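Protein chains in written order, with the numbering used here: chain X, -18 to 632; chain E, -18 to 632. The beta-carbon is built from N, C-alpha and C at its ideal position, and this holds for glycine as well. Predicted model, so just to flag it, every value in this text is computed and none were measured.
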């Protein structure tokens, strides 16, 4: 019992740091941190098999702090345990660094973030409800890699109101991830008030049982109970959750009076807080030895995982891949939907690269991720209709070194835009593919159409990543099957987030096996010197038809396939200059995407004129792509009309 | 029992229409429609109190079809019951119209949508998992209005994997909305495969009980069981759910073999399908009389609700409002955070207008919706940490004639971007307010910052609404407290979706009680003729400081407060022309927002040059707004530097 009682002493010791660092920062969450002190100490000192000198050890157990705002106690433990932080090769986190919490020059960000020098963590958290899904992704990867890794995830009680938590709980049961331990921290206090009785420890325990979990309810400040619960988790053959009743501001009298959520104690109250913590610890652990500042259990296994590429593996040509897939008919008709070409490319990538995997949300027969799923069932994870969980699972897989492709309709990926932004903050190497984008799916109507996706993802593309060159996200739109095939490969070969939108209808081939699709580039499909029609994806075909119509009026329109955002601005400006300095953009979505990218390039350069043709109204169901394109004002004849009137307008 | 047996005959009759219309459309979901035939018939013919000649009757019960793809059976019932469709005054839905499902010229969209001429519905559905939250909003409104309205919501089993369903279930228990009946349609088949055992009828019933619901599990094709379940709902004093086991493709042999999800029967199989339905019905209802084509129960109560404005009520000036709120200190310091001014304005609006209400997600003490909550507790609904449910609840409130303000951090509203787009498709009159937008909250780090919000909401602003003039959404950014006050009022007085982003720090007053904030407008805060600095929100203050710095270098920079997107393009272009045709935009977010709006206006006009200054990297925690602005490259001195180099660059 001595070691267990020592947990109290350590809780008081680290608690002082947590309170102090938040006061130094002038903001932060010491009261939440104190509520998980015992849980974190049991995990980091006594339970988890991990190596502070190599927090990314492939066999090391992981802690996902879903309620990221409680992080100060983890930082304090990391410093006490001499954990490596910072970029490669990194440095020991010094105790003195703790007082720099939230400072510009410190790795101690307000919330966990591996990308700001915290390899102890796998994903940025802080937007609530996402951690358990990340843990599930790590658990899937551990099972694939047979590392024996365990993944612990701490979720707040108020946080468990987020629906994504319940998606993750379902997913973990579906996949029987008994290597993931879900820990609910029930301190009963939210930000604006108490948590709902729907999130009380008692109700959570009932809900978890109904969701198919084994549940142990404990006092989250009782080291013996905590240890017993983790013992039970290690032995459990079913998904296992711990419901821990805790006290917000444990050990500090002042923090238990009134609402201190997210508020630092004033400097002058610090010494009373320290005394209070000492008193609590002494009462609970009289005569016990302090817990030593060492990690009890080292990871067992290789520190790195190699996933060697099969010998002699090489990308086939698209034509060969089509033949191998039994799709010779497309070679004859010279038509194929970009979504189907993508599915085929993903399957080929899976053949070549053992780290490629995929998740889908019950639409794999629409996204064509099913082609991959059939060939690589061990690396395909059905997430059912729960896109938030799906994206965060992908983040967990990526943290373990996989290259996950997350698939759904472009519209339904918007369900996970917050998760996608958190993945971006994590700098997760995930690939997102949205099918049925734009309006060409027609009959199903606007609830199934990706209309704001280009604007959303392009926003990330306006910002540079840590290398100060690459964008935070590449947005890709293949105009034919060859482009879909080539861009799928480019996504894999490009680190970081990429988004590709595919379309439902079969479209004619525009390219061949020799065409290169470099990120940042574009292709000029038709020459002209009066106006440049700049399009992407499905709309390239409309732009080509519009150019034909303009030719009848003796207007020579060039057609540019801008398959990638961001785009090489200088090259694009030159191309537009060659067209008399006039461009018309053509999109099957709302504005803010390609139109904005081209206009910004033009406006920065000066001397050019750009008109934008995009959906002019909310679409409705129409039976054909042609009908809905016309309804939304983006059919070839409408593009031609708009180009003509723009050319005739005095500048 | 005759009437009940007649439900089978009606199910077969309407089932034939459902199968036929999907085949005519060439796409759609007859198999899902057949699975809910009996439930829909019991509701629409025998249970709901509603008026087909006035589907919007204020006392009429409502049906929210959360699994919107199953809608063909509802359309068939509407036609049979001679329901009014289309815009005012509307027309009877004819049986012949059914064969125009999903046609461009038909009101019969692929998924329910009130805005396409379906007043029977309250919200566009089709993106799954949102309907129960809309039903909850309608239930709140019915309770406020004391109409006695009941709200029925049909949710698919696969759909119930969406976390938002579980958020809604919690919310309904929290608010004890016993006027909402949740009906789970368990046909056990999804799109790509069977639903998970986690969504089986048995597991759903267990989960619902653990969530605090009374549950009745029934055979969803047994009219007697259905009727008994609705009887039980009407008598229940607790939230009540029905778990209905159903058959996908009920009554049609062919549709029960293989995966027919979303696929029409071929024409040549129609007669066999009709025979199959007749055989099913005859077996079940031999000798019964067909159910008459009438609605059994009429709504009881007034058809319209008046919420009269208090006599003599008028908007106070901001100065008077500050004094009344005990915030005279701000009048002295001449500083106030826009989020606090907004909260005050919302409270004032609540005083004046009984239809103004608010929802928040456990951050009302940050968004300052708490000022409204304290004054109008009956119209404030705490949604806890569940933003998806929060936004869809607002849609339900709006459908009932309220003007709901949905509040959270700008970042956390991104959790509900799919729900927001569905609200947009609904043309819901909801107001979204995101606090802590941009990066000026500093210390909490990027997980709490609204960085893509302007790009996202601006995309809707590039498209015109049904009047072909107003944008689908106005995006507003107040630069000071007066602007926040004025723009809150403008949101209320402008129909449709509006988004306002507020900021955390106190900022100096720029305006006074006399300033008008017209939507589409902007204010020139400082004259100049060398360059226009175009900014909004917090960044207006940086732009003003940058203009000061430029003045030291003899550059006369104008400063434009572009508080609204979309913006009056012609006026903006004129203002930039007066500044030598050169503009620099200044934003505390990623690109795609103001920068794109100004560049597009400039590029459309021609002859102008625009440079964009926005966050150049992912932010991290910094202890002050100044630090994080500098870190992201958007401090006044950086704006001035960028403006100088842009001015010096040859165009």
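Thinking just about the alpha-carbon of each residue, which of 76/X, 77/X, 75/X, 108/X is nearest to the one in residue 91/X? 108/X
Cβ-based neighbour list, residue 617/X, same chain, cut-off 7 angstroms, excluding 5 preceding and 5 following: 523, 526, 527, 530
Which partner residues of residue 566/E appear in the DSSP bridge assignment? 515/E, 593/E
Quick one: measure Cβ to Cβ for residue 106/X and residue 428/E, integer angstroms, because I've assumed they're closer than 8 angstroms. 7 angstroms
Can at least three beta-carbon pairs, one atom from the stretch 252 to 271 of chain E and one from the stretch 22 to 35 of chain E, be found at a separation below 8 angstroms? Judged by pairs of C-beta atoms under 8 angstroms, the stretch 252 to 271 of chain E does not touch the stretch 22 to 35 of chain E, as fewer than three such pairs exist.
Does the distance from the CB of residue 286/E to the CB of residue 166/E come in under 7 angstroms? no
Does any CB atom of chain E fall closer than 7 angstroms to the CB of residue 417/X? no
Residue span of the alpha helix (DSSP H) that contains residue 23/X, given as start and end: It is not in any alpha helix (DSSP H) - residue 23/X carries neither H nor E in the DSSP assignment.
Compute the Euclidean distance between the alpha carbons of residue 145/E and residue 384/E, then round it to the nearest angstrom. 22 angstroms
When 12/E, 54/E, 84/E, 203/E are compared against residue 426/X, the one with the closest alpha-carbon: 84/E
Is it true that the CB of residue 520/X sits closer than 7 angstroms to the CB of residue 568/X? yes
Could you give the C-beta distance for residue 636/E and residue 221/E, rounded to a whole number, given that I count them as a contact under 8 angstroms? Nothing in the structure corresponds to residue 636/E, since chain E is present only between -18 and 632.
What would DSSP say about residue 387/X, mapped onto helix, strand or coil? Reduced to three states, the DSSP call for residue 387/X is strand.
In terms of alpha-carbon separation, which member of 160/E, 468/E, 444/E lies closest to residue 453/E? 444/E
Within chain X, the residues that residue 366/E reaches when beta carbons sit closer than 8 angstroms: Within 8 angstroms of the CB of residue 366/E, the CB atoms of chain X belong to 109, 110, 139, 140, 142, 143, 171, in sequence order along the chain.
If I measure Cβ to Cβ from residue -14/X and keep anything under 6 angstroms in the same chain, skipping five residues before and after, which residues do I get? 266, 269
Assuming residue 483/X and residue 319/X form a contact by the criterion Cβ under 8 angstroms, report the distance between their Cβ atoms to the nearest whole angstrom. Confirmed, Cβ separation roughly 4 angstroms.
Chain X contact residues for residue 608/E, given Cβ-Cβ distances below 9 angstroms: 84, 85
Beta-carbon neighbours of residue 427/X, restricted to chain E and to distances below 7 angstroms: 406
Would you report the Cα separation of residue 470/X and residue 481/X, rounded to the nearest angstrom? Counting only the Cα atoms, residue 481/X lies some 12 angstroms from residue 470/X.
Classification of residue 122/E by the beta-carbon crowding that lies within 10 angstroms, buried from 16 upward: By the 10 Å Cβ count, residue 122/E comes out buried.
Starting from residue 177/X, find everything on chain E with Cβ-Cβ shorter than 7 angstroms and list it in chain order. 151, 155, 365
Hey, which unbroken runs of the beta strand (DSSP E) at 3 residues or more fall wholly within the stretch 115 to 174 of chain E? 132 to 137, 161 to 167
For the pair the stretch 432 to 440 of chain X and the stretch 391 to 400 of chain X, tell me if three or more CB-CB distances fall below 8 angstroms. yes
For residue 342/E and residue 208/X, what's the separation of their Cα atoms in angstroms? 34 angstroms
Whole-number beta carbon distance between residue 82/X and residue 53/X, since they are thought to touch under 8 angstroms: 7 angstroms
Please report the residue range of the alpha helix (DSSP H) in which residue 430/X lies. Element bounds for residue 430/X: n/a, residue is neither H nor E.
Could you please give the first and the last residue of the uninterrupted alpha helix (DSSP H) stretch that includes residue 341/X? Counting along the chain, residue 341/X falls outside any alpha helix (DSSP H), though it belongs to the beta strand (DSSP E) covering 337 to 341.
Could you name each continuous beta strand (DSSP E) segment of 3 residues or more that falls completely within the stretch 312 to 384 of chain E, going from the start of the chain to the end? 316 to 318, 337 to 341, 361 to 363
So residue 221/E is in the beta strand (DSSP E); what residue range does that whole segment cover? 221 to 226
Assigned secondary structure, residue 398/X (DSSP; H/G/I helix, E/B strand, else coil): helix
Residues in the stretch 339 to 355 of chain X having any Cβ partner in chain E nearer than 8 angstroms: 341, 343, 344, 345, 346, 347, 351
Would you list, in sequence order, the uninterrupted alpha helix (DSSP H) runs of no fewer than 4 residues that lie entirely inside the stretch 1 to 60 of chain X? Within the stretch 1 to 60 of chain X, the complete alpha helix (DSSP H) runs of at least 4 residues are 11 to 16, 18 to 22.
Taking the alpha-carbon positions, what's the residue 514/X to residue 540/X distance? 5 angstroms
Can a CB atom of chain X be found closer than 7 angstroms to the CB of residue 8/E? yes
Which residues in chain X have a C-beta closer than 9 angstroms to the C-beta of residue 487/E? List them in chain order. Within 9 angstroms Cβ-Cβ: nothing; residue 487/E doesn't reach chain X, min ~15 angstroms.
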